[in-house]
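Q:
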Amino acid sequence: MAGLLVLWLWTRGQRLDSIEARNVNGEVIGSQVLEHVELTLICTALTIAIAVPLGIAVSVSRSRVGRLVVLSLGNLGQAIPSVGLIVLLALVISIGVGTAVIALVAYAVLPVLRNTMVGIEGVDPVLTEAARGMGLSRLAVLFTVELPLAVPVILAGVRTALVLTVASAPLAALIDGGGLGEGLFTGLTLNRPVISVTFGVLVAALALFADWLGMLAEMFLRPKGM
Amino acid sequence: MKMINRLIEPTSGTITIGGTDVLTLDPDRHRRDIGYVIQQIGLFPHKRIEDNIGLMPKVLGWSRSRIRARVAELLELVGLPADYARRYPRELSGGQQQRVGVARALAADPSVMLMDEPFGATDPITRDHLQNEFLRLQREVRKTIVFVTHDFDEALKMGDRIAVLRPRSVIAQYDTPEAILAAPADDYVASFIGAGGQLKKLALLRLRDVELAPAPRGGGLPRIAVEATARDALDLMLGEGSDVVLVTDDFGDDATVIGSLHLQMVMGAAAGKAGKP
Chain A
949 MAGLLVLWLW TRGQRLDSIE ARNVNGEVIG SQVLEHVELT LICTALTIAI AVPLGIAVSV
1009 SRSRVGRLVV LSLGNLGQAI PSVGLIVLLA LVISIGVGTA VIALVAYAVL PVLRNTMVGI
1069 EGVDPVLTEA ARGMGLSRLA VLFTVELPLA VPVILAGVRT ALVLTVASAP LAALIDGGGL
1129 GEGLFTGLTL NRPVISVTFG VLVAALALFA DWLGMLAEMF LRPKGM
Chain B
689 MKMINRLIEP TSGTITIGGT DVLTLDPDRH RRDIGYVIQQ IGLFPHKRIE DNIGLMPKVL
749 GWSRSRIRAR VAELLELVGL PADYARRYPR ELSGGQQQRV GVARALAADP SVMLMDEPFG
809 ATDPITRDHL QNEFLRLQRE VRKTIVFVTH DFDEALKMGD RIAVLRPRSV IAQYDTPEAI
869 LAAPADDYVA SFIGAGGQLK KLALLRLRDV ELAPAPRGGG LPRIAVEATA RDALDLMLGE
929 GSDVVLVTDD FGDDATVIGS LHLQMVMGAA AGKAGKP
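Going down the list, the sequences are from chains A and B. Residues 949 to 1174 (this note's numbering) are what the first sequence spells out, left to right. Residues 689 to 965 (this note's numbering) are what the second sequence spells out, left to right.
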């Protein structure tokens, strides 16, 4: 908040030329923030929808090969520089929001996937044995014991993915995917530091805000009694 | 034990419960009819005590009110206050948690109980307490219980029949506690009994099973409850320096005297007449 306030005072104090004035105004900022948030939410939702079931499937199957393949793919997604990935995908597929979403999801899947697996595998085997021993089916053990106990670890992964997505979403603007990256890159290409700084700080503030939301989620969704 | 509830599948041989080969049953259904208590207790930390106990009844589709009644009944049975139902496992001591473990295993009224060193992780005082309560519980619920322990004294106290296992799980002797104490099958079993075999025999003999002498007139003699064992009586005699003790029908000072026990009778019991009826 303090950062945003300083930013606002600083931009107020600047004498803006016509290009700057066209970019740094409430309307443009508002619509780009909205786009950015939208993009992030879609990506995070997709990331969770892909990574959590996949992580569960791999842990439940207890297959070493499956684990290795899935983790390698996740690692690959994260190891490739995100700029490279996004541009590459744009060349292969097309430019636009869809491609940007694919690239961002590929980038963010790993932490959620890994934490889902680690979280489920980290449940005390005594508890799963007790649950199996009293006659719960494998599926019932998963839903009543393993997943609830893995929630804090999974949420930590989601939080990481969320921040990661907010922070790398500006790259979407490179392939016409919208978001705060538009302003950022406009400032860079036209050599208008006021514009880039404004949007840069906005991205950072948004990332911090997302992290804070993640923290709240972890606080309220963690299983009680732990 | 894990083979009985099929957490481990036997490679050969058969296990029957009430005449049914367990391998012919569906594993999950089979396990629901077997209460399982383990040393590490394994209460689910994210569930309240009532949800831990009520988990299987819920899976079996009992109504809410029936589950609630069952939870209250079981909490009372294992000697925990009713308001513990709303607590989480970590808010209970180890001994209390193990009682909940026993209550959870009893929840769906299984026909058989498996108890794998259930009191192994508790301190001696709590353990003694839990053992006594469990013996009382057993008199009420009347179930077949397979109880594993490394503590031979616990085996003597809890078991109707004891199987002494050698390394590699070969049965060295399978008999009543009294018979094992009187005639150990071999040196291996004898080494388990250790020193003080005669005293252990007396510890198996409850005073209610001893033919008591009529109570002498006049007070001043040490008193002991009929629930105590011959060993407790001997201990009292040695402690008080008296060769006669009065046996009362209950604990406490206002209990009625129902007879007396003489040192000679204790010695006679140790010599051979020891044994549950």
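Ideal placement from N, C-alpha and C gives every residue a C-beta, glycine not left out. All of these numbers come straight from a predicted model, not from anything done at the bench.
(1) Measure the alpha-carbon distance for Ser-857 (chain B) versus Thr-864 (chain B) and round it to whole angstroms.
(2) For Lys-889 (chain B), is the classification buried or exposed, using 16 other Cβ atoms within 10 angstroms of its Cβ as the cut-off for buried?
(3) Out of A:Thr-1134, A:Phe-1157, A:Ala-1158 and A:Asp-1159, state which residue places its alpha-carbon closest to the alpha-carbon of Phe-1147 (chain A).
(4) Between Met-801 (chain B) and chain A, is the shortest Cβ-Cβ distance under 9 Å, so that the two count as touching?
(5) Could you spell out the range, first to last residue, of the beta strand (DSSP E) harbouring Tyr-975 (chain B)?
(6) Count the CB pairs spanning the segment 1073 to 1084 of chain A and the segment 996 to 1014 of chain A that are closer than 8 Å, and state whether there are at least three.
(7) Assign Ile-1102 (chain A) to one of two classes, buried (16 or more other C-beta atoms within 10 Å of its C-beta) or exposed (fewer than that).
(8) Would the beta-carbon of Ala-1121 (chain A) fall within 9 Å of that of Leu-1058 (chain A)?
(9) How big is the Cα-Cα spacing for Leu-895 (chain B) and Ala-795 (chain B)?
(10) If we define contact as Cβ-Cβ less than 9 Å, is Val-858 (chain B) a contact residue for chain A?
(11) Anything in chain A within Cβ reach of Gln-728 (chain B), meaning under 7 Å, just list it in chain order.
(12) Is the separation between the beta-carbon of Pro-910 (chain B) and that of Leu-924 (chain B) shorter than 9 Å?
(13) Going along the chain, which residues of its own chain have a beta-carbon closer than 7 Å to the beta-carbon of Val-972 (chain A), five neighbours each way excluded?
(14) Taking Cβ-Cβ distances shorter than 9 Å, what residues in chain B pair up with Leu-1097 (chain A)?
(15) What are the boundary residues of the beta strand (DSSP E) that includes Ser-948 (chain B)?
(16) What residue from B:Thr-832, B:Arg-774, B:Gly-749 and B:Leu-951 has the CA that sits closest to Ala-760 (chain B)'s CA?
(17) Using only alpha-carbon positions, find the residue among B:Tyr-772, B:Asp-797, B:Leu-825 and B:Thr-810 that is nearest to Ile-729 (chain B).
(18) Taking 9 Å as the threshold (C-beta atoms), are Ala-1115 (chain A) and Val-1149 (chain A) in contact?
(19) For a contact meaning CB atoms closer than 8 Å, what does Val-747 (chain B) contact in chain A?
(20) Checking the sheet assignment: what are the DSSP bridge partners for Arg-894 (chain B)?
(21) From what residue to what residue does the alpha helix (DSSP H) around Thr-1108 (chain A) run?
(22) Assuming Val-1060 (chain A) and Val-1106 (chain A) form a contact by the criterion Cβ under 8 Å, report the distance between their Cβ atoms to the nearest whole angstrom.
(23) So Glu-1077 (chain A) contacts chain B; which residues on that side make the cut at Cβ distance below 8 Å?
(24) Name the two residues that bound the continuous beta strand (DSSP E) containing Gly-723 (chain B).
(25) For Pro-806 (chain B), return the contacting residues in chain A, with the cut-off set at a CB-CB distance below 8 Å.
(26) How is Phe-835 (chain B) classed by DSSP in three states: helix, strand or coil?
(27) Under the DSSP definition of a beta bridge, which residues are partnered with Arg-911 (chain B)?
A: Judging by the given coordinates:
(1) 19 Å
(2) buried
(3) A:Thr-1134
(4) no
(5) Since the first residue shown for chain B is 689 and the last is 965, residue 975 (chain B) is missing from the structure and cannot be characterised.
(6) no
(7) buried
(8) no
(9) 34 Å
(10) no
(11) Val-1074
(12) yes
(13) Thr-959, Leu-964, Val-1142, Ile-1143 and Thr-1146
(14) Phe-732, Pro-733 and His-734
(15) 945 to 950
(16) B:Arg-774
(17) B:Thr-810
(18) no
(19) Gly-1083, Leu-1084 and Ala-1088
(20) B:Thr-917
(21) 1095 to 1116
(22) 6 Å
(23) Leu-695, Ile-726 and Gly-730
(24) 722 to 726
(25) Those do not exist, as Pro-806 (chain B) stays about 12 Å from chain A at its closest Cβ, beyond 8 Å.
(26) strand
(27) B:Leu-934
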